[in-house]
Every structure is written in structure tokens, then in C-alpha cells.
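To start, the structure itself, in C-alpha cells.
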Amino acid sequence: MASREGAEFRNYSPGPAAGNGSRTGMDQGNRPVVAAFALPPLELSPGVLVHSRENREAAVETWLLLASPDAQKAQREWRRDGLTLLRCGGLFSAVRIPAAIIHAAAGTEDPRELTDVLGDALDGPVFYDRSGRQFYALTPHSTARLWRVPDTECLGSDFFLGVPATSVTEPDPRYRAWWVVPMDGPAVLCVPDAVVCFVQRGRSLVAAAKDQETRNA
Numbered sequence: 001m002a003s004r005e006g007a008e009f010r011n012y013s014p015g016p017a018a019g020n021g022s023r024t025g026m027d028q029g030n031r032p033v034v035a036a037f038a039l040p041p042l043e044l045s046p047g048v049l050v051h052s053r054e055n056r057e058a059a060v061e062t063w064l065l066l067a068s069p070d071a072q073k074a075q076r077e078w079r080r081d082g083l084t085l086l087r088c089g090g091l092f093s094a095v096r097i098p099a100a101i102i103h104a105a106a107g108t109e110d111p112r113e114l115t116d117v118l119g120d121a122l123d124g125p126v127f128y129d130r131s132g133r134q135f136y137a138l139t140p141h142s143t144a145r146l147w148r149v150p151d152t153e154c155l156g157s158d159f160f161l162g163v164p165a166t167s168v169t170e171p172d173p174r175y176r177a178w179w180v181v182p183m184d185g186p187a188v189l190c191v192p193d194a195v196v197c198f199v200q201r202g203r204s205l206v207a208a209a210k211d212q213e214t215r216n217a
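First residue of the sequence shown: 1, per the working numbering; consecutive thereafter.
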């Protein structure tokens, strides 16, 4: 069943991979995953290695592909559409937060400022889907079992979520979603308590603004 945002699907089954009749990417034991090409780390001085942006991005892409039922298809969709469906609840959960709450808590709607504010506050990856005006904070897979914050939802194992390509890190008219805070590395996710605090702050500010509007009406 498609959600109202159109990027999330509950109890969705993408079906068999094209061409071979198998569902690639689902079984942790024998899943064939197409690994993204990763460059070796750069050596700035003897014994000091620094991973390039391309290296980190490739590692993150490979990790995210583990949440796809068909890694090759997911890669093609990322290249073509900038978005592909990934399964929540295994590698990660995703907290869906209305834009009004994020903007209120951050004190800004400017994309560049949001990157700095959300990066500092949530310490993990966040992307924005313009079609539903929703932000998604990726958190550990267990978050969905305990999430009880009003006005938000944590998408767990019942959901497939449209996730942008790792290369889409700023607003682009060709794509509906982009990473406001890109992933810093495989399995580097937002701290759930930090997401709760940030959301609660935003909810309080939104409620206060509505109360002020009512009194001024």
C-alpha cells in the first residue's frame, strides 16, 4: 500500500530480479551484491591515511545496497532517477519528520544552513523528499520498536523507502530527494535520543507559533 508521500510502501514486494528469476539482495548468506568501486585511501604523509570523498561515497553506496532486494536494479535506478527503494528495519530505520518541525527546530529553511545544523544536532545522515515535504533521519534498525514521538513516524521492517543516491547531496530539479546530511560512512547513523530532542524542540516551537497566531487572530 503506497503511503501519502509516495516514497514509502508498507508490506511491499518488489518481486524477482529481472532475467534470472531469483530475488537477489534478500538473503544475508548468499546475496550477490554489486560492490561500488572504491579508491584506496590517500597517504598525506608516511603512516597517515585519509579516505577520499569518492571512497567514502562508494563504501556507503555498497552498504546501502544491502537493503535492496535487487542491488543491480537499485544501482540503475540511482543513476537514472536519483532514487531507489530500500528496505527499512534491517540495516536501518528511518524517522519521518515533517519539514515544519525541522525548520522550526533548526531556525532556518536554507539548505546549506540546514546541513550544518542537522549535522551538528543529529550526528548522522538525513535526507529530504520534496514531494511530501518530509525529512528522513536514518537511525539504527531497532529504533522503530521504541519510537513514540507524536507527529512523526519511524519506518521499520514493514516499509520500503525511496532513498536518494549517495551522489545527490544538494537540491536538484531532476530529482525529488537529496541528502541534506550525507552518510559519513557505512552504518554511521543518527543517534535516536538526539533525533527525539530535536523533534521535541521543533514540535514545541511549532505549537507556540500556532498559539500566538490564535491569540493574534
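For each residue, glycine too, the CB sits at the ideal point set by N, CA and C.
Computed from a predicted structure; not experimentally measured.
Going by C-alpha distance, which of the options is nearest residue i?
i    : options                : result
P125 : P164, R148, R174       : P164
P192 : R145, T169, A209       : R145
I97  : F127, R76, D110, S68   : F127
W78  : R133, T214, R176       : R176
S131 : D211, A217, R174       : R174
A104 : D81, A209, R80, D184   : A209
S68  : G162, T169, H141, E170 : G162
E109 : D151, R133, T169, C190 : R133
N55  : Q200, M183, S204       : M183
Sorted by chain position, which residues of the same chain lie with C-beta nearer than 7 Å to residue i's C-beta, five sequence neighbours on each side aside?
i    : result
A100 : V206
S167 : E57
A121 : A194, F198
I102 : F135, G202
P171 : P111, W178
List the DSSP bridge partners of residue i.
i    : result
P164 : L83
L155 : A94
A207 : Looking at the DSSP assignment, A207 forms no beta bridge with any residue, so it has no partner.
A177 : D129
Give the C-beta separation of residue i and residue j to the nearest angstrom, bearing in mind that I take them to be a contact with Cβ-Cβ under 8 Å.
i    : j    : result
V195 : V95  : 5 Å
F92  : L138 : 5 Å
T115 : V188 : The Cβ separation is near 16 Å, so there is no contact.
Suppose the cutoff is 8 Å on Cβ atoms and the five residues either side in sequence are ignored; what does the same chain contact list for residue i look like?
i    : result
G107 : V117
Taking 6 Å as the limit between beta carbons, can you name the residues of its chain near residue i, skipping five residues before and five after?
i    : result
W63  : P186
T143 : S93, C154, P192
C88  : A94, L155, G156, F159, L161
Handout entry: Complete beta strand (DSSP E) runs within the stretch 112-152 (minimum length 3 residues, chain order)
Key = Taking only runs of at least 3 residues, the beta strand (DSSP E) segments lying wholly in the stretch 112-152 are 126-129, 134-140.
Practice task
Please list the segments of the alpha helix (DSSP H) lying wholly inside the stretch 53-117, counting only runs of 4 or more residues, in order along the chain.
Solution key: Contiguous alpha helix (DSSP H) elements confined to the stretch 53-117 occur at 53-65, 71-81, 99-106, taking only those with 4 or more residues.
Handout entry: Those runs of the beta strand (DSSP E) which lie wholly inside the stretch 177-201 and span at least 3 residues
Key = Listed in chain order, they are 177-181.
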